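Notes to accompany the following structure.
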Amino acid sequence: MTFLDKLATAQQTNGSLLCVGLDPEPAKFPGQLKGDASRIYDFCARIVDATAGLVIAFKPQIAYFAAHRAEAQLEQLMEHMRRNAPGVPVILDAKRGDIGSTAEQYAIEAFERYGADAVTLSPFMGFDSVAPYLKHQGKGAFLLCRTSNPGGSDLQGQRLAGIEGQPFLYEHVARLAQGPWNLNGQLGLVVGATYPAEIERVRELAPTVPLLIPGVGAQGGDAVATVRAGWRPDAPIIVNSSRAIIYASSGDDFAEAAQKAARSTRDALEAAKP
Ligand SMILES: O=C(O)c1cc(=O)[nH]c(=O)n1[C@@H]1O[C@H](COP(=O)(O)O)[C@@H](O)[C@H]1O
Numbered sequence: 232m233t234f235l236d237k238l239a240t241a242q243q244t245n246g247s248l249l250c251v252g253l254d255p256e257p258a259k260f261p262g263q264l265k266g267d268a269s270r271i272y273d274f275c276a277r278i279v280d281a282t283a284g285l286v287i288a289f290k291p292q293i294a295y296f297a298a299h300r301a302e303a304q305l306e307q308l309m310e311h312m313r314r315n316a317p318g319v320p321v322i323l324d325a326k327r328g329d330i331g332s333t334a335e336q337y338a339i340e341a342f343e344r345y346g347a348d349a350v351t352l353s354p355f356m357g358f359d360s361v362a363p364y365l366k367h368q369g370k371g372a373f374l375l376c377r378t379s380n381p382g383g384s385d386l387q388g389q390r391l392a393g394i395e396g397q398p399f400l401y402e403h404v405a406r407l408a409q410g411p412w413n414l415n416g417q418l419g420l421v422v423g424a425t426y427p428a429e430i431e432r433v434r435e436l437a438p439t440v441p442l443l444i445p446g447v448g449a450q451g452g453d454a455v456a457t458v459r460a461g462w463r464p465d466a467p468i469i470v471n472s473s474r475a476i477i478y479a480s481s482g483d484d485f486a487e488a489a490q491k492a493a494r495s496t497r498d499a500l501e502a503a504k505p
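Residues in the sequence shown are numbered consecutively from 232, following this note's numbering.
Have a look at this one:
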């Protein structure tokens, strides 16, 4: 089953566009787990079990594991998600981008070591830095396009004078992902929920690719505006929320609180579909 097939199935089964982001910070853990980096797996597994029936995808951010020497716990968590939530695709948020020979190693890390269904990538180094990921049969890759942070416009909002029509850099990335770079049909784009007008523009230029849309919840992106701008019946959107879900409670009821927050976010996203 390809990444896109898995995504479509999860969307339908769970009636959801919500992706729960797994960004574990021991300092923010509740109760007895607080400050204990050896409990990263335990914390995340509880969130996964509580929300697996409510999501289109999970997105662990690799830095939150690597920063605490917790790569083994990430491997364990990936295995846990495959076993306990086999219908939910996992996007490894690694934002890699390097020359082809190094990219080959990063692709092995994401798809073989961790067994991810998809990965996030920076397109800044060009097509040969993306191509090694596309060789992995059925695996997905999301290119950063118009990111959710204010500094995203520093480069992504610049016009490319050498290209006809002088598009913004993010518009050019959207066209590449929809067309010539999408060799395996599994490419997607990252567009921040904090910029709904740009989501709409990206959807015009890339009408069928999946959009990974972080920025609702803690970053203040508007869920309704996001869905209106990006959702199409035949083109998936994956709306990520991390902190607002996983830290919904700082008490021992954190998993129940995460489930409640995930349910209300999922329902708000569903209700926003035109
Ligand atoms: O690629 C991403 O996931 C990403 C792209 C982007 O433009 N903005 C963005 O916030 N992210 C990630 O999405 C998550 C957002 O987390 P919250 O702001 O807590 O919901 C973090 O893991 C970010 O690294």
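Positions of the beta carbon are idealized from the N, C-alpha and C atoms, including for glycine.
Fair warning: this is a prediction, and the values are worked out from it, not measured in the lab.
Rounded distance between the beta-carbons of residue j and residue i, thought under 8 angstroms
i, j, result
"S472", "T496", "6 angstroms"
"V279", "N315", "7 angstroms"
"I469", "L264", "In fact, because the Cβ distance is near 28 angstroms, the residues do not count as touching under 8 angstroms."
"L305", "Y345", "7 angstroms"
"L420", "L400", "With 8 angstroms as the limit, L420 and L400 do not qualify as a contact, their Cβ atoms being about 13 angstroms apart."
"I322", "A294", "The Cβ separation is near 14 angstroms, so there is no contact."
"A301", "A325", "With 8 angstroms as the limit, A301 and A325 do not qualify as a contact, their Cβ atoms being about 15 angstroms apart."
"T282", "A493", "4 angstroms"
"L500", "G371", "That belief does not hold up - the Cβ atoms of L500 and G371 are roughly 20 angstroms apart, past 8 angstroms."
"A405", "V361", "Going by Cβ atoms, the distance from A405 to V361 rounds to 14 angstroms, so no, they are not a contact pair."
"V447", "L418", "No, V447 and L418 are not in contact; Cβ-Cβ is about 23 angstroms, not under 8 angstroms."
"G393", "D359", "Not really, about 19 angstroms apart at Cβ, beyond 8 angstroms."
"P398", "L375", "P398 to L375, Cβ: 16 angstroms. No contact."
"K320", "L308", "Going by the sequence as given, residue 320 is Pro instead of Lys. Going by Cβ atoms, the distance from P320 to L308 rounds to 14 angstroms, so no, they are not a contact pair."
Of the residues the options, the one placed nearest residue i, counting alpha carbons only
i, options, result
"F485", "L235, D348, R277 and R270", "R277"
"A297", "P317, R474, Y272 and V286", "Y272"
"G262", "V251, A301, F274 and D254", "F274"
"Y364", "N380, P381, G446 and E343", "E343"
"G423", "T351, G328, A258 and S379", "S379"
"D254", "A241, A283 and F289", "F289"
"A502", "W462, I430, P381 and S353", "W462"
"L442", "D465, F373, F355 and Q292", "F373"
"P257", "L375, E487, R474 and A334", "R474"
"P464", "M232, A239 and T233", "A239"
"A428", "G388, R270 and Q368", "G388"
"L391", "G382, E402, G383 and P381", "E402"
"A334", "L308, A347, G266 and K366", "K366"
"P445", "D483, G252 and P398", "G252"
"P381", "E310, Q450, P291 and V286", "Q450"
"T351", "Q368, S332 and R327", "R327"
"P467", "P438, L375, Q307 and M309", "P438"
"K259", "I476, K504, P505 and K491", "I476"
"G284", "T425, D498 and A303", "D498"
"G357", "L407, I430, P505 and Y426", "L407"
"I339", "P317, V286 and Q368", "Q368"
Sheet register partners of residue i (DSSP bridge)
i, result
"S472", "V251"
"R377", "V422"
"D324", "Q292"
Quick check on the DSSP output: what are the complete alpha helix (DSSP H) runs of length 4 or more inside the stretch 432–467, in order along the chain? 454–461
Three or more C-beta pairs closer than 8 angstroms, one from the stretch 445–461 and one from the stretch 398–415: is that the case here? no
Could you name each continuous beta strand (DSSP E) segment of 3 residues or more that falls completely within the stretch 336–412, going from the start of the chain to the end? 349–352 and 371–377
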